[in-house]
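What follows is a set of notes on a single structure, which appears directly below.
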Amino acid sequence: MPMAQAQKLAPALLVLPPDFEAYSQASDQVMAILEDLSPLVEQVSVDEAFIDVSDLPDDPGVIAARLQARINQETRLPCSLGVAANKLVAKVANDYGKGSRKGLDYPNAITVVPPGEEAAFLAPLPVQMLWGVGKKTAARLKTLGIETIGQLADAPAGLLGAHYGKWAADMQRHARGISDSPIVLSHTLKSISNETTYDKDIGDIDEVLHTVRWLSDKVGYRLRKHHFCAGTIRIKLRWSDFTTITRQVALAEPTNHNSVIYDTAAGLLRAAWQRGRKVRLIGVGSSNLQEPAVQMSLFDPGQDKETKLLNALDELREKYGKKVIQRGREVGRQSAFEEEEEE
DNA sequence: TCTGGGGTCCTAGGACCC
DNA sequence: TCTGGGGTCCTAGGACCC
Numbered sequence: 391m392p393m394a395q396a397q398k399l400a401p402a403l404l405v406l407p408p409d410f411e412a413y414s415q416a417s418d419q420v421m422a423i424l425e426d427l428s429p430l431v432e433q434v435s436v437d438e439a440f441i442d443v444s445d446l447p448d449d450p451g452v453i454a455a456r457l458q459a460r461i462n463q464e465t466r467l468p469c470s471l472g473v474a475a476n477k478l479v480a481k482v483a484n485d486y487g488k489g490s491r492k493g494l495d496y497p498n499a500i501t502v503v504p505p506g507e508e509a510a511f512l513a514p515l516p517v518q519m520l521w522g523v524g525k526k527t528a529a530r531l532k533t534l535g536i537e538t539i540g541q542l543a544d545a546p547a548g549l550l551g552a553h554y555g556k557w558a559a560d561m562q563r564h565a566r567g568i569s570d571s572p573i574v575l576s577h578t579l580k581s582i583s584n585e586t587t588y589d590k591d592i593g594d595i596d597e598v599l600h601t602v603r604w605l606s607d608k609v610g611y612r613l614r615k616h617h618f619c620a621g622t623i624r625i626k627l628r629w630s631d632f633t634t635i636t637r638q639v640a641l642a643e644p645t646n647h648n649s650v651i652y653d654t655a656a657g658l659l660r661a662a663w664q665r666g667r668k669v670r671l672i673g674v675g676s677s678n679l680q681e682p683a684v685q686m687s688l689f690d691p692g693q694d695k696e697t698k699l700l701n702a703l704d705e706l707r708e709k710y711g712k713k714v715i716q717r718g719r720e721v722g723r724q725s726a727f728e729e730e731e732e733e
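Following the working numbering, the residues of the first sequence are numbered contiguously, the last one being 733.
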């Protein structure tokens with residue numbers, strides 16, 4: 391495969407300060423360094439990214455060493471890198487390097503897996519290091535006598551297929567270090583949600599509804615900030631015994647209005663409510679995100695008014711801080727924005 | 001640890017339509 | 001009218017990841 395010639399790095403930053411601002415600043419700084427090297431950067435999370443350096447003239451191991459030195463110097467932060475022909479192996483290589491440097495100092499490892507040696511590199515490692523294999527799957531594989539990635543690669547296809555169906559073939563390809571998942575330059579948001587866990591379990595539905603209102607405001611604010619409307623609203627409810635349910639409903643018309651989100655979520659909560667049971671966690675979520683239609687509701691001028699009002703409030707919130715603005719009917723309860731630390 | 005928060009993807013079943 | 005197949009959408013829940 392000609393693709394196997396491509397070399398990709400998966401740098402993972404380990405950022406130490408438990409201080410959010412420093413955290414995201416450092417993240418931006420590192421991403422800028424990566425983009426300076428190549429435009430083919432995929433940011434996976436605040437502290438992880440893939441970069442495709444296959445078009446650069448130098449040896450990928452050398453590039454990695456230079457990159458790490460630059461990050462160390464410019465951000466004063468350690469970082470670990472994995473180098474391999476595809477993202478999957480680069481990720482495992484990076485995790486492996488980080489893990490083996492645990493202890494004295496913060497991981498600042500570089501692990502290179504040369505093309506063609508993917509399967510051999512992976513073989514002795516525990517299956518759980520494979521992307522997509524977590525605790526549950528690892529435990530099930532163990533009952534089949536499979537504990538290392540190599541054993542997974544060599545397992546009879548029929549045996550795996552019987553237990554994992556379609557997923558079995560993918561899992562086995564991954565175990566052999568084969569993956570063609572491309573670098574994705576920008577990820578589009580699929581859902582936006584907020585949830586909260588109570589200090590003590592709550593048996594009063596009004597109190598939970600109060601929280602739902604607050605969470606709905608947060609979700610609405612974030613939807614508007616990202617210029618999205620949601621086609622589906624969802625609640626997540628964890629009872630005191632830790633059983634968790636979700637309830638969702640598709641809207642007739644997508645929205646990013648706090649009031650519509652709240653009314654929908656409150657309806658779902660009332661329908662799912664069981665008197666006598668107590669709640670540990672409540673969440674409000676939105677999905678099926680889409681761009682707002684230009685002519686929202688021709689026949690509902692009230693909605694248009696609400697849009698304008700919300701936009702005005704959002705602007706004031708951004709300008710003067712979170713505490714200033716509360717709608718009249720909301721006064722007396724905690725604003726969703728008092729402790730907002732949104733990017 | 002008696003269990004934080006915000007995401008993604010996959011599967012399965014039911015409703016509905018042709 | 002009944003039966004069945006197949007496609008699609010929606011909902012619920014599980015597993016996993018950072």
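Note that beta-carbon positions come from the ideal geometry of N, C-alpha and C, so glycine has one too.
When the five nearest sequence neighbours on each side are left out, the beta carbons in the same chain lying within less than 6 Å of the beta carbon of L542 are those of V517, I536, A565, in order along the chain. DSSP, reduced to helix, strand and coil, places G548 within a helical segment of the structure shown.
Per DSSP, the beta bridge partners of W629 are V669. Residue pairing by DSSP places T587 opposite L671 in a beta bridge. Runs of alpha helix (DSSP H) with 4 or more residues, each lying fully within the region 595-629, are found at 595-615, listed in chain order.
Within 10 angstroms of the beta-carbon of K477 lie 16 or more other beta-carbons, which makes it buried. A Cβ-Cβ contact shorter than 8 Å links Q458 with N498. Going by DSSP, A661 is part of the alpha helix (DSSP H) stretching over 648-662. Inter-residue distance for D560 and K532 is about 18 Å (C-alpha atoms, whole angstroms). A residue is called buried when at least 16 other Cβ atoms come within 10 angstroms of its Cβ; K608 meets this threshold and is buried.
The alpha carbon of I592 has as its nearest neighbour, out of L627, F618, E432, the alpha carbon of L627. Of Y611, A509, R614, the smallest CA-CA separation from Q562 is found for A509.
The beta carbon of T645 lies closer than 6 Å to those of C619 in the same chain, with the five residues before and after it left out.
Inclusion of I539 and L520 in the CB contact set at 8 Å is warranted, their separation being smaller than that value. When rounded, the separation of the alpha-carbon atoms in N584 and A656 is 15 Å.
P516 has T538 as its beta-bridge partners, per DSSP. Note on W557: under 16 other CB atoms within 10 angstroms of its CB, so exposed under the neighbour-count rule. By the C-beta criterion, the region 665-684 is judged to be in contact with the region 587-607, since at least 3 inter-stretch pairs fall below 8 Å. By the Cβ-count criterion, E705 is exposed, with fewer than 16 other Cβ atoms from all chains shown falling within 10 Å of its own Cβ.
Nearest C-alpha to L613 among G675, L471, L512, G666: G675. Annotation: H577 to Q664 spans about 39 Å, alpha carbon to alpha carbon. In the DSSP assignment, G472 falls outside any alpha helix (DSSP H) and within the unbroken beta strand (DSSP E) covering 469-474. Put simply, of L446, S569, W604, D570 the residue whose alpha carbon is nearest the alpha carbon of T586 is W604. By the neighbour-count definition (other C-beta atoms within 10 Å, threshold 16), V650 is a buried residue. The continuous alpha helix (DSSP H) containing R456 extends over residues 450-465. The residues V473, I500, V502, in chain order, have a CB closer than 8 Å to that of G451 in the same chain once the five nearest residues on each side in sequence are set aside. Measuring C-alpha to C-alpha distances from T634 to each of L575, R456, I625 identifies I625 as the nearest. By the criterion of a C-beta distance shorter than 6 Å, S470 is surrounded in its chain by A402, N484, G487, K488, P497, A499, once the five residues flanking it on both sides are discounted. The C-beta distance from P514 to A475 rounds to 19 Å, too long to meet the 8 Å contact threshold. Distance between L699 and E425, taken at the CA atoms: about 39 Å. In this structure, I573 lies near D442, with their beta-carbon atoms less than 8 Å apart.
Membership of R566 in any alpha helix (DSSP H) is not indicated, and neither H nor E is assigned to it by DSSP.
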